[in-house]
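Numbering (the numbering used here), first residue to last: 197 to 309.
Even for Gly, the Cβ is constructed at its ideal location relative to N, Cα and C.
Please read these numbers as outputs of a predicted model, since none were measured by experiment.
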Amino acid sequence: FLYIGPGIFVLLGGLGLLFLRHARRKAEGTLRAFREGTAVVGEIAEVYSDTSIKVNGRSPWAIVYNFAAGGRTVEGKAQSWDASAQDRRRGQPVHVLYVAADPAQNTLWPPLK
Numbered sequence: 197f198l199y200i201g202p203g204i205f206v207l208l209g210g211l212g213l214l215f216l217r218h219a220r221r222k223a224e225g226t227l228r229a230f231r232e233g234t235a236v237v238g239e240i241a242e243v244y245s246d247t248s249i250k251v252n253g254r255s256p257w258a259i260v261y262n263f264a265a266g267g268r269t270v271e272g273k274a275q276s277w278d279a280s281a282q283d284r285r286r287g288q289p290v291h292v293l294y295v296a297a298d299p300a301q302n303t304l305w306p307p308l309k
């Protein structure tokens, strides 16, 4: 018999809060890009099936894109469960919205399904 004690609940609860905080910041950044974003044309760098995520045996498509902001190249990533995402190709232009004060807060327009 292995006694773990109540500390495991504190540890797991703390980890859960960290994951929740990260997800919330990511969502807030995307929403901020939609509300306050500057529009630019970027280009697709890579499209792949993100096998690190599986739901009901399926993985989403990841679209990695680059765009220019403030004199530098910024990389963004979007995910889509829609199979049509795999039809996008490297070098294909995409519309990107980004927050000028923090280009890491960005999203594709129109949003992916």
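Residue i - DSSP class collapsed to helix/strand/coil
i	result
K310	Any property of residue 310 remains undetermined from this structure, which presents the chain solely from 197 to 309.
A300	strand
I240	strand
I200	coil
L186	Beyond the ends of the chain as shown, which are 197 and 309, falls residue 186; an answer cannot be given.
Own chain partners of residue i with C-beta closer than 7 angstroms, once the 5 adjacent residues on each side are dropped
i	result
T269	N262
Span of the beta strand (DSSP E), counted from its first residue to its last, around residue i
i	result
V251	From DSSP, V251 is part of no beta strand (DSSP E); its letter is neither H nor E.
D283	From DSSP, D283 is part of no beta strand (DSSP E); its letter is neither H nor E.
Q275	R268 to S276
P289	P289 to V295
Contact belief for residue i with residue j at Cβ below 8 angstroms, rounded distance in angstroms
i	j	result
E242	V260	4 angstroms
N302	A223	Incorrect: roughly 13 angstroms between the Cβ atoms, too far for contact.
Heavy atom of the ligand GDP within 8 angstroms of residue i beta-carbon
i	result
I240	For the structure depicted, the ligand GDP is absent and the ligand set is empty, with no information on it obtainable.
Under 9 angstroms between C-beta atoms of residue i and residue j
i	j	result
P306	A265	no
L304	G272	yes
V295	V237	no
W257	S248	no
Same chain only: Cβ atoms within 6 angstroms of residue i, ignoring 5 sequence neighbours per side
i	result
G225	Q301
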